[in-house]
Amino acid sequence: MAYFSLFLTGFIAATLFPASSEVLLLALLAQGYLPVWLWLAATLGNTLGSCVNWYLGRELLRFQHKSWFPISAAALTRAATQLQRYGRWSLLFAWLPVVGDPLTMVAGVLRVPFRLFLLLVALGKGLRYALLIWLGHQLW
Numbered sequence: 004m005a006y007f008s009l010f011l012t013g014f015i016a017a018t019l020f021p022a023s024s025e026v027l028l029l030a031l032l033a034q035g036y037l038p039v040w041l042w043l044a045a046t047l048g049n050t051l052g053s054c055v056n057w058y059l060g061r062e063l064l065r066f067q068h069k070s071w072f073p074i075s076a077a078a079l080t081r082a083a084t085q086l087q088r089y090g091r092w093s094l095l096f097a098w099l100p101v102v103g104d105p106l107t108m109v110a111g112v113l114r115v116p117f118r119l120f121l122l123l124v125a126l127g128k129g130l131r132y133a134l135l136i137w138l139g140h141q142l143w
């Protein structure tokens, strides 16, 4: 159940809702859960959440002026500027706070091919969680 909770928290954290999978990951690591399964659950959940953002950007941009739309116009503009300035490689940093979620949505808006998107986002998020697990081991 703990691994599923981490998966779900990672998913929610990547889909424009405020959540933090890192705190849960480190807490579960401290409790002795298997690092490889923690890494897999967090990476998969967070990556799939970003895929939802990509899809939303691709399909739902036409609703950006609605009051319920989850990303402000300013955040979308910042993310689009970053993606255009640094190219698709900036998707490796989709895990960053504030700009990461809008960046994944903008990737959908700009029609970044899904396979490339998935590869770069999963790689960046996987490396981030691996680093967190390594640091957690160093602290305990």
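Last residue of the sequence shown: 143 (my numbering), numbering continuous.
In this text, a Cβ means the ideal position worked out from N, Cα and C, and glycines have one as well.
Computed from a prediction, not measured in an experiment: that's the story for all the values here.
Rounded to whole angstroms, the Cβ separation of L31 and L9 is 6 angstroms, and the two are in contact under 8 angstroms. Rounded to whole angstroms, the separation of the alpha carbons of L28 and A110 is 27 angstroms. Contact between L106 and L94 holds, with the beta-carbon distance rounding to 7 angstroms and staying under 8 angstroms. Between the alpha carbons of H140 and G35 lies a distance of about 10 angstroms.
A distance below 7 angstroms between beta-carbons, with the five flanking residues on each side excluded, links L59 to the following residues of its chain, in chain order: M108 and G111. Between W42 and A133, the beta carbon gap of about 6 angstroms places them in contact (Cβ cut-off 8 angstroms). C-alpha of V102 to C-alpha of L37: approximately 30 angstroms in a straight line.
Distance between T84 and V39, taken at the CA atoms: about 35 angstroms. Just measuring C-alpha positions, the residue of N49, W92 and L99 sitting nearest P116 is W92.
Taking C-beta separations shorter than 8 angstroms and ignoring five residues to either side along the sequence, the partners of E62 in its chain run G111, following chain order.
When only Cα atoms are considered, W143 and I136 end up about 11 angstroms apart. The residue among G48, R88 and T46 with its C-alpha nearest the C-alpha of L113 is R88.
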